[in-house]
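Presented below is the structure to which this report refers.
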């Protein structure tokens, strides 16, 4: 499990929360954890943010850990070949 | 540089021949958006989807006229008013079909089969749409895609892309407004063949849905992607003399002039019976058709059909009849709506016999019904295979025959072809704008393409158990003097089948005492050996000669088996014994059927004189076919005797060796039925009781043959064990014993005894291969053996210990009965045994007995078991006996 404190993603503002995560990637942390346990569904905007997070994380060699994503959200990421870009728990 | 969305790895791209980098980026963008949308769409519920679809349908209806006008302006094809109808059908009628259908999650329960069907979207569809129905096809496909949670990238016909793109835009904006994922529909502007080739091979496209000409369909199917290809037709129409002509002619005109004949299901050649031909043409003329003369037909054919390709000229497609007439130089009335061209044959010499997507209709005068049907077949095979056909007739036989000889996915009866094929207007076909043409048309389906073609349907298959049974004769009389019950069965003529020994020791006389004086009794003495065909035939002759109504079988298993087969052949003389002995895996699914028609009837009463085979209650019979040098095993519950009389007075004089052999056969039946993969609580109760009786009474019956109680209980045990294995079958012990016994002429019980301890150990071990069986929960053989050990009070605390003690108890019993404990002890040399081993292994593996064994035997394991049986006790002492 990553040591970082997970950044909670709210159901009502998934995309904007993910933008905040993206901003965090500019910092010095080598690990970032995101808590998806309150998110029941993601839309195309959220997907786009996650793709960008994956790209930036790879460039900066940061590990992004997603906690608590439900299987429906996980399947969306799987269909888009994004699961290999993150680590998952819960 | 190929643009990719951020965060995505660059996947290998399809070949992009003839495409600029900018064009590739454009196409990639369309697919990526659709791919993301499709992934997001997977999270939607049925309610979400239905809330999206309904506004889309309303938008389609609201824009029906707008889109129709655009389509006619852009394509210069068809009739605006008809295109409005098409757009409305594509919206309203399709919605009416899909609105209550489940397309998300569980879509169907099939309780009787324990199946649940679950919908899985396909993902991204690449959809080609035609010039002839450029907006209605888009509306139809968008509604279906949204209903099934798929995204679509459209590639409209290049001469119709603007109107098609407008239809996509309307559907997209409405869908997204009501919650559909962003990017769910996209449209390639001004697509090219290179665009289509690129997209057809794109990794992220899940299915190609190609509605269009043969070229497009062929390209779709050649792409290597799953495809729904729906192509050209050539609709034959049979106008038969019993038809309602007024309706038929109007229907044909409606259909053939609808949107100027652009629907590929519209009528192409009408084959008319001679008797009504003139009348039909007159009606066409009265209703606004121009009937071409021979010269006009020739001019028309040359002009509207390309002489090089034999296909219709694109310039004529979707044009008005009057415009076509003017174009080719025919003089027709200004209100002419259809050009009717009589032709005299089908094929290249008759250009108008092919598909014509414009209001030109070929007609053919048929001299007979057979000729009419043949000409329709010719039209069908001239480019219309699998598509659509039409028949007008009041004669159901004609309609049925037409349906049988014509290869078309839609055979429209007494209604217009084009609108009929669309479904839901003139009939109950599923509404569609894509006609599957089956393999005849190079397509994967003959269906009207619908929502279910846009889904992967997954099936949850719950574990099921076929019903089981417990079948035994409905009358079993047992204990001493049970034979007196023969009085209950009056008969006009009874054949008593027995052997010479039974006569000599007075058993036949005992039976005779209880046969009524009015019964004519004929005693048929047969050899005391497995019955041969010759013996069966003798018995059947006797049964026929006396017209017997009852058979009493008095003897051991061979006599009772003979009587069973005699009864079968007497009641059903046509029964082919070799055919009936065909192998099977599951009795319920067996290929051969035993005869149920009976020309005679005779009740079979079985009185066993040994305590082992249990043939008095089993559905099996073994026949020796000497000519072919093999045994034939018959198995069917119709072979079971009607009455069993288990009277111990007939076994009191059994010699010791026979007592031991048959007793161990009985024990093997019970142990094998007990661990069988077909075992049930019903068979278990019988198996366990039989085992208990054998362990208690067999040693006594063996050592003190005159002990009436022991004889009686062993006689009952044999019958009870047989009830168990009649319904649960036996196992690998019997397969080994059959093979070994046949090879070396060793009695069945003795052969069983040689294998039994080794087989128990084998079955109790963890199998190399488990036997597939829906009836058992996990592997239970070792536990069932442990239960037997408990029943016998053998002690032990663990399952392994109990199994070991059961094996020891079996060995002790065999010792007490004086059995040889190894094949070697029988005097069979190692050389002879090794020589016979491969054949024995093959025979044992071919034996059906092991198919209910709890452990599936490998051939090497069968060989191992034979080897153990050969060495027997000597090897056991060395600790090598158990196959683990």
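Chains as they are written, first to last, in our numbering: chain Y, 1 to 90; chain W, 1001 to 1884. We put the CB at the ideal spot given by N, CA and C, even for glycine.
Given that residue i touches chain W, what residues does it touch there, using C-beta distances under 7 Å?
| i | result |
| --- | --- |
| residue 75 of chain Y | 1042 |
| residue 44 of chain Y | 1036, 1037, 1040, 1181, 1182 and 1183 |
Is it buried or exposed for residue i, if we count other Cβ within 10 angstroms and need 16 for buried?
| i | result |
| --- | --- |
| residue 1185 of chain W | buried |
| residue 1788 of chain W | buried |
| residue 85 of chain Y | buried |
| residue 1819 of chain W | buried |
| residue 1648 of chain W | buried |
| residue 1583 of chain W | exposed |
| residue 949 of chain W | Past the edges of chain W, shown from 1001 to 1884, lies residue 949 of chain W, and the structure says nothing about it. |
| residue 1106 of chain W | exposed |
| residue 1587 of chain W | exposed |
| residue 1550 of chain W | buried |
| residue 1018 of chain W | exposed |
| residue 1392 of chain W | buried |
| residue 1068 of chain W | buried |
| residue 5 of chain Y | exposed |
| residue 90 of chain Y | exposed |
| residue 1028 of chain W | buried |
| residue 1579 of chain W | exposed |
| residue 1517 of chain W | exposed |
| residue 88 of chain Y | exposed |
| residue 953 of chain W | Chain W is shown only over 1001 to 1884; residue 953 of chain W falls outside these bounds and no answer can be derived. |
In chain W, which residues lie less than 8 Å from residue i when you measure between Cβ atoms?
| i | result |
| --- | --- |
| residue 72 of chain Y | 1042 and 1043 |
| residue 47 of chain Y | 1036, 1039 and 1040 |
| residue 80 of chain Y | 1008, 1035, 1036 and 1039 |
Does residue i have its Cβ less than 8 Å from a Cβ in chain B?
| i | result |
| --- | --- |
| residue 25 of chain Y | Here the protein chains are Y and W, and chain B is not one of them. |
What does residue i touch in chain Y if you count any residue whose Cβ is under 8 Å from its own?
| i | result |
| --- | --- |
| residue 1318 of chain W | Under the 8 Å cutoff, chain Y gives no residues; its nearest Cβ is about 39 Å from residue 1318 of chain W. |
Starting from residue i, find everything on chain W with Cβ-Cβ shorter than 9 Å and list it in chain order.
| i | result |
| --- | --- |
| residue 60 of chain Y | The contacting residues do not exist; residue 60 of chain Y stays about 13 Å from chain W at best. |
| residue 30 of chain Y | The contacting residues do not exist; residue 30 of chain Y stays about 19 Å from chain W at best. |
To which residues does DSSP link residue i through a beta bridge?
| i | result |
| --- | --- |
| residue 1714 of chain W | Its beta-bridge partners do not exist; DSSP assigns none. |
| residue 1425 of chain W | DSSP output for residue 1425 of chain W lists no bridge partner at all. |
| residue 1493 of chain W | W:1520 |
| residue 1127 of chain W | W:1154 and W:1209 |
| residue 990 of chain W | Outside the displayed range of chain W (1001 to 1884) lies residue 990 of chain W, so it cannot be described from this structure. |
| residue 1435 of chain W | W:1448 |
| residue 1342 of chain W | W:1363 |
| residue 1290 of chain W | W:1339 |
| residue 1620 of chain W | W:1635 |
| residue 1689 of chain W | DSSP, once it has assigned bridges, lists no residue as partnering residue 1689 of chain W. |
| residue 1440 of chain W | Paired residues: none, contrary to the question. |
| residue 1347 of chain W | W:1350 |
Review point. Which whole runs of the alpha helix (DSSP H) in the segment 1179-1232 of chain W are 4 residues long or more, in chain order?
Key: 1193-1200 and 1214-1222
Exercise for review: Could you tell me whether the segment 1560-1580 of chain W touches the segment 1524-1532 of chain W, using the rule of 3 or more Cβ pairs below 8 Å?
Suggested key: yes
Exercise for review: Could you tell me which uninterrupted beta strand (DSSP E) segments, each at least 3 residues in length, are contained entirely in the segment 1623-1679 of chain W, listed from first to last along the chain?
Suggested key: 1630-1635 and 1643-1646
Review point. Is the segment 1664-1674 of chain W in contact with the segment 1748-1760 of chain W, if contact means three or more CB pairs nearer than 8 Å?
Key: yes
Review point. Which whole runs of the alpha helix (DSSP H) in the segment 1798-1884 of chain W are 4 residues long or more, in chain order?
Key: 1799-1816, 1830-1846, 1859-1871 and 1873-1877
Exercise for review: Decide if the segment 1810-1829 of chain W is in contact with the segment 1866-1873 of chain W; the criterion is three or more beta carbon pairs, one per stretch, under 8 Å apart.
Suggested key: Contact holds: three or more Cβ-Cβ distances are below 8 Å.
Exercise for review: Taking 8 Å as the threshold, find out whether the segment 1717-1730 of chain W comes into contact with the segment 1682-1692 of chain W through three or more Cβ pairs.
Suggested key: yes
Check your understanding: Is the segment 1452-1462 of chain W touching the segment 1567-1575 of chain W, taking contact as three or more C-beta pairs under 8 Å?
Key -> no
Check your understanding: Hey, is the segment 1171-1186 of chain W in contact with the segment 1202-1221 of chain W, meaning 3+ C-beta pairs nearer than 8 Å?
Key -> no
**Study point:** At least 3 beta-carbon pairs within less than 8 Å: the segment 1607-1615 of chain W vs the segment 1826-1835 of chain W
**Key:** no
Practice item. Spell out a yes or no on whether the segment 1081-1098 of chain W and the segment 1435-1444 of chain W are touching, meaning 3 or more CB-CB pairs, one atom from each, closer than 8 Å. Key: no
Review point. What are the uninterrupted segments assigned as beta strand (DSSP E) that are 3 or more residues long and contained completely in the segment 31-78 of chain Y, given in chain order?
Key: 31-35 and 63-67
Point to revise | Continuous alpha helix (DSSP H) assignments of at least 4 residues falling wholly in the segment 1558-1583 of chain W | key: 1577-1580
Practice item. Run through the segment 1309-1340 of chain W for me and flag every whole alpha helix (DSSP H) of 4 or more residues, listed as ranges in chain order. Key: Listed in chain order, the complete alpha helix (DSSP H) runs (minimum 4 residues) inside the segment 1309-1340 of chain W are 1321-1328.
Exercise for review: Check whether the segment 1294-1311 of chain W touches the segment 1339-1353 of chain W, taking contact to mean three or more Cβ pairs, one atom from each stretch, closer than 8 Å.
Suggested key: yes
Review point. Is the segment 62-72 of chain Y close to the segment 30-42 of chain Y, with three or more CB pairs under 8 Å?
Key: yes
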